[in-house]
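Numbering (the numbering used here), first residue to last: 113 to 413.
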């Protein structure tokens, strides 16, 4: 039967265990770089630690999404700038064809140029970025339009869907990131429908129809104003994306600083704690070894 330890031995071993734990904690902090490696290291800081980690993950996720969206929004803005320029060319050609000095042959040539512009406009409406048709709404794997200049209405019906997608900014706000090709190029109002107004001018010139040409001129101007409004939407969205990215960068820095304050170990302090524990361990062992331990039998002759 094993006898229990005497009080002095028990106290010595308990003290030795505490010193060893301090040394182990210091060594773990030096190895991991963290002062909280398990819940028992600092229970009071655990809720703050988890909350900060969760918030940092959310901000990093939304910032990553914004970076993905930025390429799409930039592509949309660039595409619509090209579309506005094309429509201005179409308007200029229409004015050339409107003059009474333009012959039927001249008007026919201008109509052919407008046909080319219409094809280019459809190509812009079919712009892709990252493997997605950015003007097809939520059906981004489907090209929104096709064109066949041999038809009276050469541009097909819109094949996409509504654009309902929104993106969240790190500050918690959300905003729309795109418009559908139907909203931009294919308005239900024929006087602001980009495809219709170009094609109406084209047909009027092909038919050498002065009245139709005169009607098409103001409609193309209306379509130009409308298209510029759509371009403005993408400019505003670009600003929102860039603002969100800046907010995300600032919040990430703040949260990383907060997280560092909660969980990062002080290397200098950990080294000093480790050295102190080693010194105390050696001193304790040395002191214990010098304590006399004689039994009754040591005094019997």
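We treat Cβ as the ideally placed atom computed from N, Cα and C, and that holds for glycine.
Relative to the C-alpha of residue 278, which residue among 349, 293, 313 is closest? Counting from 1 along the chain shown, the entry for residue 278 is found at position 166. The shortest CA-to-CA distance from residue 278 to any of 349, 293, 313 is the one to 349.
Can you grab the Cα-Cα spacing for the pair residue 315 / residue 329, in whole Å? Numbered from its first residue, the chain shown carries residue 315 at position 203. Numbered from its first residue, the chain shown carries residue 329 at position 217. A straight-line Cα-Cα distance of about 13 Å links residue 315 and residue 329.
Alpha-carbon to alpha-carbon, residue 332 and residue 215: For the purposes of this step, residue 215 is taken as residue 103 along the chain shown, with counting starting at 1. For the purposes of this step, residue 332 is taken as residue 220 along the chain shown, with counting starting at 1. In this structure, the alpha-carbon of residue 215 lies about 21 Å from that of residue 332.
Under 6 Å: does the beta carbon of residue 209 sit that close to some heavy atom of the ligand COA? Of the ligands one can find in the structure shown there are none, so the ligand COA has no counterpart to examine.
Cα-Cα, which of 351, 310, 180, 163 is closest to residue 265? By 1-based counting over the chain shown, the position of residue 265 is 153. Relative to the Cα of residue 265, the nearest Cα in the group 351, 310, 180, 163 belongs to 310.
Using the C-alpha atoms, what's the distance from residue 341 back to residue 319? Indexing the chain shown from 1 puts residue 319 at position 207. Indexing the chain shown from 1 puts residue 341 at position 229. So the two alpha carbons sit approximately 32 Å from each other.
Looking only at its chain, what residues have a beta carbon closer than 7 Å to the beta carbon of residue 203, apart from the 5 residues adjacent to it on each side? Working through the chain shown from its first residue, we reach residue 203 at position 91. Cβ within range, chain order: 332, 333, 336.
Using CA coordinates, which residue listed in 306, 286, 313, 253 is at the minimum distance from residue 177? The sequence position of residue 177 within the chain shown is 65, counting from 1. Ranking 306, 286, 313, 253 by Cα distance to residue 177 puts 286 first.
Exposed or buried, which one is residue 155 when buried takes at least 16 other CB atoms within 10 Å? As a first step, residue 155 must be located in the chain shown, where it is residue number 43. In this structure residue 155 is exposed. Its beta-carbon is surrounded by fewer than 16 other beta-carbon atoms within 10 angstroms.
For residue 247, report the span of its alpha helix (DSSP H) as first-last. Here residue 247 refers to the residue found at position 135 of the chain shown. Counting along the chain, residue 247 falls outside any alpha helix (DSSP H), and DSSP gives it neither H nor E.
Between the C-alpha atoms of residue 343 and residue 160, what's the straight-line distance to the nearest angstrom? Looking up residue 343 in the chain shown gives position 231. Looking up residue 160 in the chain shown gives position 48. Annotation: residue 343 to residue 160 spans about 45 Å, alpha carbon to alpha carbon.
Reference residue 251, options 222, 273, 232, closest by Cα: As a position in the chain shown, residue 251 is number 139, starting the count at 1. Of 222, 273, 232, the residue nearest in Cα terms is 273.
Just curious, the alpha helix (DSSP H) that residue 297 is in, first and last residue? Counting from one through the chain shown, the residue named residue 297 turns up at place 185. It spans 293-297 - the alpha helix (DSSP H) in which residue 297 sits, taken as one unbroken run.
Option nearest residue 267 by Cα separation, candidates 296, 246, 292, 308: Reading the chain shown from its first residue, position 155 is the one you call residue 267. Closest option to residue 267, Cα to Cα, is 308.
Are residue 247 and residue 255 close, meaning C-beta to C-beta below 7 Å? As a working note, residue 247 is residue 135 in the chain shown. As a working note, residue 255 is residue 143 in the chain shown. No, Cβ-Cβ distance for residue 247 and residue 255 is not below 7 Å.
In this structure, does DSSP put residue 113 in helix, strand or coil? One-based indexing of the chain shown puts residue 113 at position 1. Because the pLDDT at residue 113 is just 42, under 50, the model does not fix this residue reliably, and the value given afterwards should be weighed accordingly. Coil.
Where residue 274 sits in the DSSP three-state scheme: By 1-based counting over the chain shown, the position of residue 274 is 162. Three-state DSSP puts residue 274 in coil, outside helix and strand.
Note down the Cα distance separating residue 292 from residue 174, rounded to an integer number of angstroms. Here residue 292 corresponds to residue number 180 of the chain shown, with the count starting at 1. Here residue 174 corresponds to residue number 62 of the chain shown, with the count starting at 1. Separation of residue 292 and residue 174 (C-alpha to C-alpha, rounded to the nearest whole angstrom) is 23 Å.
Nearest-angstrom Cα separation, counted from residue 230 out to residue 220: For this step, residue 220 is matched to residue 108 along the chain shown. For this step, residue 230 is matched to residue 118 along the chain shown. Note on geometry: alpha-carbon atoms of residue 220 and residue 230 lie some 15 Å from one another.
Spatial neighbours of residue 408 in its chain, beta-carbon cut-off 7 Å, leaving aside the 5 residues before and after: Here residue 408 refers to the residue found at position 296 of the chain shown. Annotation note: pLDDT 46 at residue 408 (below 50); position unreliable, coordinate value reported separately. Closer than 7 Å at Cβ, skipping near neighbours: no residue.
Ends of the alpha helix (DSSP H) at residue 187? As a first step, residue 187 must be located in the chain shown, where it is residue number 75. 158-210 is the extent of the alpha helix (DSSP H) around residue 187.
When burial is assigned at 16 or more other CB atoms within 10 Å of the CB, is residue 312 buried or exposed? As a first step, residue 312 must be located in the chain shown, where it is residue number 200. Burial state of residue 312 is buried, judged by a 10 Å Cβ sphere holding 16 or more other Cβ atoms.
Three-state secondary structure assigned by DSSP to residue 334: Residue 334 sits at position 222 when you count from the first residue of the chain shown. Helix at residue 334.
Residue 287, enclosing beta strand (DSSP E) - first and last residue: Here residue 287 refers to the residue found at position 175 of the chain shown. Note, residue 287: beta strand (DSSP E), 286-288.
Cut-off 7 Å between Cβ atoms - residues of its own chain near residue 167, not counting five sequence neighbours on either side: As a working mapping, residue 167 is identified with position 55 in the chain shown. So the qualifying residues of the chain are 367.
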